[in-house]
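These notes concern the structure reproduced below.
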Amino acid sequence: MASWGEASESRLIGKRIPRLSGKDKVTGKAKYTFDINRPGMLYGRILRSEIAHANVVAIDLSEAEALPGVKAVIPIIEVGKKIRYQGQEIAAVAAETDDIAKDAIRLIRVDLEELPHVVTEADAMAEGAPQIRDDWEGNQSNPNVREEGDLAGGFAQAAVEVEATYHAPVQTHVCLETHGHVAEWEDDQNLTVWASTQAVFGTRRDLAGSFNLPANQVRVITEHMGGGFGSKFGPGVEGRTAAELARMTGRAVKLMLTRKAEHLVAGNRPSMIQHVRAGATSDGRLIAYDMKGYGTGGISSGAGFQAPYVYHVPNLRTEKMNVAVNVGNQRAMRAPGHPQGAFAMDSLMDELAEKLGMNPLEFRRINDPNETRQAQYTLGAQEIGWHRRNSVPGSGTGVKKRGMGVGSGLWGGGGGPGTQARVTINSDGSVEAVTGTQDLGTGVRTAIAIIAAEELGLNPTDISVKIGDSEPGLPSGGSGGSQTMASVAPIIKTAAAAAKQKLFEHIAPQLEAPVEDLRVGNHTIYVVSDRTKTIKWGQATGLLGMESITESGQWDEELRQGGVAGTQFAEVEIDTETGELRVIKIVAVQDCGLAINRLTTESQINGGVIMGLGQAILEERFMDAQTGRMLNANLEDYKVPGTFEIPEIKSIVFDTHRKVTGVGEPPCIPTPGAIANAVYNAIGVRVRELPITPDRILNALAEKKA
Amino acid sequence: MLEGKTLPILNRPICQNLRTKAIYIPGGNLQNLVENNPGSHYWCNCTMQVVGPDDQFVSPDACKQSRACFNPVGGKPVV
């Protein structure tokens, strides 16, 4: 049975190792899909609806087709069908230059019969609202109800109660590399697509299905990609359109989404509005929880959120609904449903603790059944200096007031079977590790090198890692659910171990020692019982002559484990005259199982915290009810954290065991709740709506004063 | 892809063109398309949209043999 061994035995695993692609990325050598330029390549553009709800009456492509430089124009939606949101695809062009393509889409004539729209949850739920989904009643899905214990009995035991409404708006993914593809047909039966995707093999399967091709005649390449956060599974309309335009023209076509389209149609985190009444006993036990809430994921469903969250409540009733609006659809976004649920729950926990006259950290300790988080509370409190918080919220002196808060999170991860990989040792001593996974920027490439190098006694830079390409025919699952590392790591380790074993079998006679007596380290194979018997790595592999050793990996459940816990502490400073909120420091204590590379794990945690920070203080999609359009579909008015907003982040990799789990999603979960609670601790006024902007802070202060 | 993996036994046919994130990731499988999950997003691989070729919404509940575009796999056929 394989194991990752003890930490003291690890030369590389668990250490801080710079990512192998770092130099290529900072020098521009790394090629993202956006950077791919093929000989004779055309540029694709998509005409999108600016109307939120309409019937398509007519589409005339003739003027666009006649424009010099235009090579293909195709309709995407059929006449007679419905436009359901701004940004929905109508038609596409491929042209010699991007400018010609832009001109061409302006020449496409579209006749739309406008229909009444609703783009906010309140308008969609209002009496008399236009029905925008004929399969639902009143633009709302059937409620999803959960009941446990005895709710009335629970409230009867409660010494204190809190009733409040928490609100998190829609947040968009803001992938720095927009969704897009470069498609090229070798002939009418063989398609190659460079894709900015989280799922190389899933995209291959979907494109093969779209064009009725055998999957092995579609090649998908994703050497580097600039973020997906859950929004890049499958080719999407834009991927299939790029491939269709390329098929029609016989030339490569690049089609990347614009930043505006990225906001409109490439996914978002659904909103959450929850009204909750909860009670706790005098000794600090959360005893009853009654929540009714809803959210919108656009015209589609999927606006789920976690409630209650993390903490144990014996008596509860929850009722959740999806609300349909004429806006682009949600897609999975980093820890779907968790950050908004955590914000509400952690806010509620602090409100209950205050009514009990209890330290909110102590209240959590009583109600949190997770032992890992219990230990994290202690460590995080020490690191932030929890004793410095205001014992009476808002009691600081001066115009600028500081406060501290805490939030919590959980996640599954843990990976699963399905990845295939091979490790090859060549006679010149070089080593290749090949699999079909993709590196979203998380550092999987480097982790694969670390694992193989650890097993083979080499350095990570000695390993040539080949990923992000379906052509070797070594499938791997999509990168989602924080599953990648835990799915890939066991396969690479066992493949490297098998290749090592084969090499030992070749070398053992040379060293006149049994195979089981051989070890490798520091580029040298040696005999354990007689350390005078050694052979350098290159000498050993040279004996392979014209041969190479290639071995596959095997799935091993013992090398992975699901379930992680995390907690974060925030310190903020608020200018009570301007409402300016500055986050001073975040301490993130994050369980992630075995960290293969501590440096990139810390980087993952930093990234999650920054994304949570954006949700907490900046990010909000604004819809105009009159026009049905998004008002801030850009990066000037849709704010994401920059260097001015990002605080000191102390990322603590909280190793709990020696099995790989994953950490992509969980670090963004506790941040909004921790910041919201820190705001309350600073000014003594609760802001129950994200993002916590200066105007909301000033309004809250004004209401308190009034 | 199937190393160490057990294929789900689908108790009813599902549409081969129905998609949700869970089927793309390790540990996920077509069982995720048998029952509606209110927290999941569904789309159709024919249209790459949340509606199918017939312009009706797609989901495990909505994608049935009564739709002309239904492309079944697994389970016992039901109408």
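Protein chains in written order, with our numbering: chain A, 56 to 761; chain B, 9 to 87.
Glycine is no exception: its CB is placed at the ideal position from the N, C-alpha and C atoms.
Inset, instruction - Consult DSSP for D517(A) and reduce its assignment to one of helix, strand or coil. - result: Taking the first residue of the first sequence as position 1, residue 517(A) is located at position 462. D517(A) falls in the helix class under three-state DSSP.
Inset, instruction - Could you please give the first and the last residue of the uninterrupted beta strand (DSSP E) stretch that includes M327(A)? - result: Along the first sequence, one-based indexing puts residue 327(A) at 272. Counting along the chain, the beta strand (DSSP E) containing M327(A) begins and ends at 327-335.
Inset, instruction - Enumerate in chain order the residues of its own chain whose CB-to-CB distance from A755(A) is below 8 Å, with the five nearest sequence positions on each side excluded. - result: Taking the first residue of the first sequence as position 1, residue 755(A) is located at position 700. So the list reads I738, V740, R741, V742, once near-sequence residues are dropped.
Inset, instruction - Drop a sphere of 10 angstroms on the beta-carbon of A757(A), count the other beta-carbons inside from all chains shown, and report buried for 16 or more, exposed for fewer. - result: Within the first sequence, numbered from 1, the residue matching residue 757(A) stands at position 702. So A757(A) ends up on the exposed side.
Inset, instruction - Return no unless some Cβ of chain A is closer than 9 Å to the Cβ of P80(B). - result: Your numbering for residue 80(B) matches position 72 in the second sequence. Output row for P80(B): interface = no.
Legend entry - Complete runs of the alpha helix (DSSP H) confined to the region 86-127 of chain A [at least 4 residues]: 117-121
Legend entry - Short CB-CB distance (under 9 Å) between K29(B) and chain A: Here residue 29(B) refers to the residue found at position 21 when the second sequence is read from its first residue. Yes, contact with chain A.
Inset, instruction - May I ask you to report which of helix, strand or coil DSSP gives L75(A)? - result: Here residue 75(A) refers to the residue found at position 20 when the first sequence is read from its first residue. Three-state result, L75(A): coil.
Legend entry - Contact check, V801(A) vs G458(A), beta carbons under 9 Å: Coverage of chain A is limited to positions 56 through 761, which leaves residue 801(A) absent and any answer about it impossible.
Legend entry - Contacts around V695(A), its chain only, beta-carbon distance under 7 Å, and the 5 residues preceding and following it disregarded: What you label residue 695(A) is simply residue 640 of the first sequence in a count that begins at 1. Contacts found: V229, G669, L673, E674.
Legend entry - For Q195(A), the residue or residues it bridges with in DSSP: Indexing the first sequence from 1 puts residue 195(A) at position 140. Q195(A) pairs with E192(A), V378(A).
Inset, instruction - Helix, strand or coil for H222(A), going by three-state DSSP, please let me know. - result: Numbered from its first residue, the first sequence carries residue 222(A) at position 167. Note: H222(A) maps to strand in three-state DSSP.
Inset, instruction - Measure from the C-beta of C98(B) to each C-beta in chain A and report whether the shortest distance is under 9 Å. - result: An answer regarding residue 98(B) cannot be provided, because it is not within the stretch 9 to 87 covered by chain B.
Legend entry - Cβ pair count under 8 Å reaching 3, the region 60-68 of chain A against the region 238-254 of chain A: Counting Cβ pairs under 8 Å, fewer than three are found: no touch.
Inset, instruction - For chain D, find out if any of its Cβ atoms is closer than 9 Å to the Cβ of S74(B); answer yes or no. - result: Protein chains in the displayed structure are A and B, and chain D is not among them.
Legend entry - chain B residues whose Cβ lies nearer than 9 Å to that of K136(A): By one-based count along the first sequence, residue 136(A) stands at place 81. Going along chain B in sequence order, the residues near K136(A) (Cβ under 9 Å) are V59, D63.
Inset, instruction - Decide if N422(A) is buried, meaning its Cβ has at least 16 other Cβ atoms within 10 Å, or exposed. - result: Within the first sequence, the letter at position 367 stands for residue 422(A). Result: buried.
Inset, instruction - Indicate whether at least one CB of chain B lies closer than 9 Å to the CB of V237(A). - result: Here residue 237(A) refers to the residue found at position 182 when the first sequence is read from its first residue. V237(A) has a beta carbon lying at 9 Å or more from every beta carbon in chain B.
Inset, instruction - Can you give me the start and stop residues for the alpha helix (DSSP H) that H442(A) sits inside? - result: Indexing the first sequence from 1 puts residue 442(A) at position 387. Note, H442(A): premise wrong, no alpha helix (DSSP H); not H, not E.
Inset, instruction - Have a look at T351(A), I342(A), V134(A), G294(A) and flag the residue whose alpha-carbon is nearest the alpha-carbon of V173(A). - result: Working through the first sequence from its first residue, we reach residue 173(A) at position 118. A check of alpha carbon separations from V173(A) across T351(A), I342(A), V134(A), G294(A) identifies T351(A) as the nearest.
Legend entry - Chain-ordered neighbours of K375(A) on chain B, where CB pairs are closer than 8 Å: Residue 375(A) sits at position 320 when you count from the first residue of the first sequence. Going along chain B in sequence order, the residues near K375(A) (Cβ under 8 Å) are P46.
Inset, instruction - Using beta-carbon positions only, say whether T549(A) and W610(A) come within less than 9 Å of one another. - result: If you number the first sequence from 1, residue 549(A) lands on position 494. If you number the first sequence from 1, residue 610(A) lands on position 555. The answer is yes: Cβ separation under 9 Å.
Legend entry - 4 or more residues per run - each alpha helix (DSSP H) lying fully within the region 402-434 of chain A: 415-422
Inset, instruction - With E606(A) as the anchor, note down where its beta strand (DSSP E) starts and where it stops. - result: Numbered from 1 along the first sequence, position 551 holds the residue referred to as residue 606(A). From DSSP, the beta strand (DSSP E) with E606(A) extends over 604-607.
Inset, instruction - Below 7 Å between beta carbons is the criterion; list the residues of the region 315-329 of chain A that meet it against any residue of chain B, in chain order. - result: none
Inset, instruction - Could you give the DSSP three-state label for G69(A): helix, strand or coil? - result: The sequence position of residue 69(A) within the first sequence is 14, counting from 1. G69(A): coil per DSSP, three-state reduction.
Inset, instruction - Determine the extent of the beta strand (DSSP E) in which D38(A) is found, giving its start and end residues. - result: Beyond the ends of chain A as shown, which are 56 and 761, falls residue 38(A); an answer cannot be given.
Inset, instruction - Quick one: residues in its chain with C-beta nearer than 6 Å to the C-beta of I546(A), no 5 flanking neighbours on either side, listed in chain order? - result: As a working note, residue 546(A) is residue 491 in the first sequence. The residues are T474, A476, G608.
Legend entry - CA-to-CA distance, V380(A) to Q186(A), given in whole angstroms: As a first step, residue 186(A) must be located in the first sequence, where it is residue number 131. As a first step, residue 380(A) must be located in the first sequence, where it is residue number 325. Using only the alpha carbons, I get a separation of about 10 Å.
Inset, instruction - Return the first residue and the last residue of the beta strand (DSSP E) that M666(A) is part of. - result: For the purposes of this step, residue 666(A) is taken as residue 611 along the first sequence, with counting starting at 1. Taken as a continuous stretch (DSSP letters only), M666(A) belongs to no beta strand (DSSP E), being part of the alpha helix (DSSP H) at 653-672.
Inset, instruction - Pull out every residue of the region 354-373 of chain A whose Cβ sits closer than 7 Å to any Cβ of chain B, in chain order. - result: Cβ contacts with chain B come from I354, S355, S356, G357, G359.
Inset, instruction - Note down, in chain order, every chain B residue with its Cβ under 9 Å from the Cβ of V292(A). - result: Counting from one through the first sequence, the residue named residue 292(A) turns up at place 237. Ordered by position in chain B, the residues that pass the 9 Å Cβ test against V292(A) are T55, M56, Q57.
Legend entry - Simplified DSSP state of G576(A), which is helix, strand or coil: Here the question's residue 576(A) lines up with position 521 in the first sequence. Looking at G576(A) - three-state DSSP - the assignment turns out to be strand.
Legend entry - Cβ-Cβ distance between M327(A) and A297(A) below 9 Å: On the first sequence, position 272 is the one that residue 327(A) refers to. On the first sequence, position 242 is the one that residue 297(A) refers to. No.
Legend entry - Selected residue, minimal CA-CA separation from E720(A), among A680(A), G621(A), R637(A): Counting from one through the first sequence, the residue named residue 720(A) turns up at place 665. Checking every option, the nearest Cα to that of E720(A) belongs to G621(A).
Inset, instruction - Taking only the alpha-carbon atoms, compute the straight-line gap between V87(B) and C71(B) and give it to the nearest angstrom. - result: As a first step, residue 87(B) is located in the second sequence; it is residue number 79 there, counting from the start. As a first step, residue 71(B) is located in the second sequence; it is residue number 63 there, counting from the start. For V87(B), the predicted structure reports a pLDDT of 48, less than 50, and the residue's modelled location is therefore unreliable. The matter cannot be settled from this model.
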